[in-house]
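Notes to accompany the following structure.
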Amino acid sequence: MTSTTHTMKLLSTRRLTLAYDGATIIIDLDLAIPAGKITTLVGPNGCGKSTVLRGLARLLKPRAGTVYLDGADIFKLSTKAVAKRLGILPQGPVAPEGLTVRDLVAMGRYPYQNWLQQWSREDELLVEQALVTTGMTHLSDRVLDTLSGGQRQRAWIAMALAQDTEILLLDEPTTFLDLAHQVEVLDLLYELNQNKGRTIVMVLHDLNQACRYTDCLVAVRQGQVYSQGTPIQVITEAMVREVFGLECHIIQDPVAGTPMCVPLGRKVRTSMTS
Numbered sequence: 299m300t301s302t303t304h305t306m307k308l309l310s311t312r313r314l315t316l317a318y319d320g321a322t323i324i325i326d327l328d329l330a331i332p333a334g335k336i337t338t339l340v341g342p343n344g345c346g347k348s349t350v351l352r353g354l355a356r357l358l359k360p361r362a363g364t365v366y367l368d369g370a371d372i373f374k375l376s377t378k379a380v381a382k383r384l385g386i387l388p389q390g391p392v393a394p395e396g397l398t399v400r401d402l403v404a405m406g407r408y409p410y411q412n413w414l415q416q417w418s419r420e421d422e423l424l425v426e427q428a429l430v431t432t433g434m435t436h437l438s439d440r441v442l443d444t445l446s447g448g449q450r451q452r453a454w455i456a457m458a459l460a461q462d463t464e465i466l467l468l469d470e471p472t473t474f475l476d477l478a479h480q481v482e483v484l485d486l487l488y489e490l491n492q493n494k495g496r497t498i499v500m501v502l503h504d505l506n507q508a509c510r511y512t513d514c515l516v517a518v519r520q521g522q523v524y525s526q527g528t529p530i531q532v533i534t535e536a537m538v539r540e541v542f543g544l545e546c547h548i549i550q551d552p553v554a555g556t557p558m559c560v561p562l563g564r565k566v567r568t569s570m571t572s
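Each residue of the sequence shown is one higher than the last, beginning at 299 in this note's numbering.
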């Protein structure tokens with residue numbers, strides 16, 4: 299089991315326990331998210347990755363333990379204070395029917411609105427910047443339902459950008475997208491991290507994509523952190539075997555130089571032994 303220590307922690311947990319309807323999913327989780335980096339949670343279906351993300355986003359109240367945002371208990375902060383620091387893109391988000399891209403992106407500015415401060419020039423500028431950054435300006439007047447999967451995902455990311463938070467949490471942002479659109483979305487997130495300094499935490503299923511785009515990997519098994527560190531530290535044949543129940547070979551990605559997981563399926567194993 300491997301671990302790394304990060305000195306700058308915007309978001310962290312201490313002995314965090316999370317449950318749904320009495321069923322405990324996450325047990326005594328200690329996790330530190332490094333500032334200004336991309337952190338990716340990986341693990342098999344049902345291991346608790348999305349639950350961790352919901353706990354970090356204050357969408358699921360802990361049964362025990364604490365989530366800290368800049369050292370403060372996140373549940374003791376106001377909803378608006380959290381919304382100004384942390385944005386979340388849940389899995390499969392749903393928008394009201396007939397909503398345009400611009401309307402959706404403008405929703406990211408709602409945490410800054412109140413009866414004293416209505417829509418401002420700054421709000422307008424941040425919406426425009428979010429559309430430009432995500433390459434969605436030319437589609438801003440299109441109804442969301444008429445867009446491709448990759449375009450819709452970019453629109454939701456633009457909304458999160460308009461919220462202007464330094465932390466972005468994304469639950470499986472590439473789900474249901476074809477390979478080209480997966481790479482498009484991951485490239486965008488990487489650029490946001492590199493050029494805007496955003497701290498990004500996401501859940502991904504594809505280990506090889508996670509290795510390419512991630513500074514810190516967190517492997518989750520049965521509600522607990524199995525290992526945490528750089529892709530080279532975390533992606534090992536032993537980890538894949540113990541966390542995913544899968545035999546594999548780990549080789550070097552010929553393009554990125556990061557670890558690449560090559561699964562040994564039944565057909566491959568049979569061929570090797572025959």
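Cβ coordinates follow ideal geometry from the N, Cα and C atoms, glycine included.
Since the structure is predicted, the reported quantities are computational estimates derived from the model, not experimental observations.
Check	Outcome
Burial state of A456 (16 or more Cβ within 10 Å)	buried
Residue(s) in a DSSP beta bridge with D371	Y366
Within 8 Å, strictly: CB atoms of G406 and A453	no
Nearest candidate by alpha-carbon position, reference L309, set Y511, L467, H436, R361	L467
Identity of the residues DSSP links to D469 by a beta bridge	V501
M405, DSSP secondary structure in three states	helix
Opening and closing residue of the alpha helix (DSSP H) in which R450 lies	447–460
Helix, strand or coil at S348 [DSSP, three-state]	helix
Selection from K374, I548, G543, G555 that minimises the alpha carbon distance to N343	G543
Span separating the alpha-carbon of T432 from that of A458	11 Å
L442 and L402 closer than 8 Å at C-beta	yes
Residue(s) in a DSSP beta bridge with A321	Y318
S301 versus V516: straight-line alpha-carbon distance, rounded	Only weak support exists for where S301 lies, its pLDDT of 40 falling under 50; the value from the coordinates is given anyway. Spanning the two alpha carbons is a distance of roughly 9 Å.
Euclidean distance between Cα positions of I336 and C514	6 Å
Run of the alpha helix (DSSP H) containing H436, from where it starts to where it stops	Unbroken run through H436: none, as it is neither H nor E.
Touching by the beta-carbon criterion (3+ pairs, under 8 Å), the region 319–327 and the region 521–536	yes
Same chain, Cβ closer than 7 Å to T534, neighbours up to 5 away in sequence not counted	I548
Exposure of P360, with buried meaning 16 or more beta-carbon neighbours within 10 Å	buried
Residue burial classification, Y511 (beta-carbon count within 10 angstroms, cutoff 16)	buried
Sequence-distant residues of the same chain with beta carbon closer than 7 Å to D462, five excluded per side	L424
Alpha-carbon to alpha-carbon, R400 and V262	In this structure the chain extends from 299 to 572, so residue 262 is not present and cannot be described.
Pair within 8 Å by beta-carbon distance, V541 and G341	yes
Under 8 Å between C-beta atoms of V365 and L314	yes
8 Å CB neighbourhood of V483 in its chain, flanking five on each side removed	G448, Q451, R452, I455, P471, T472, L475
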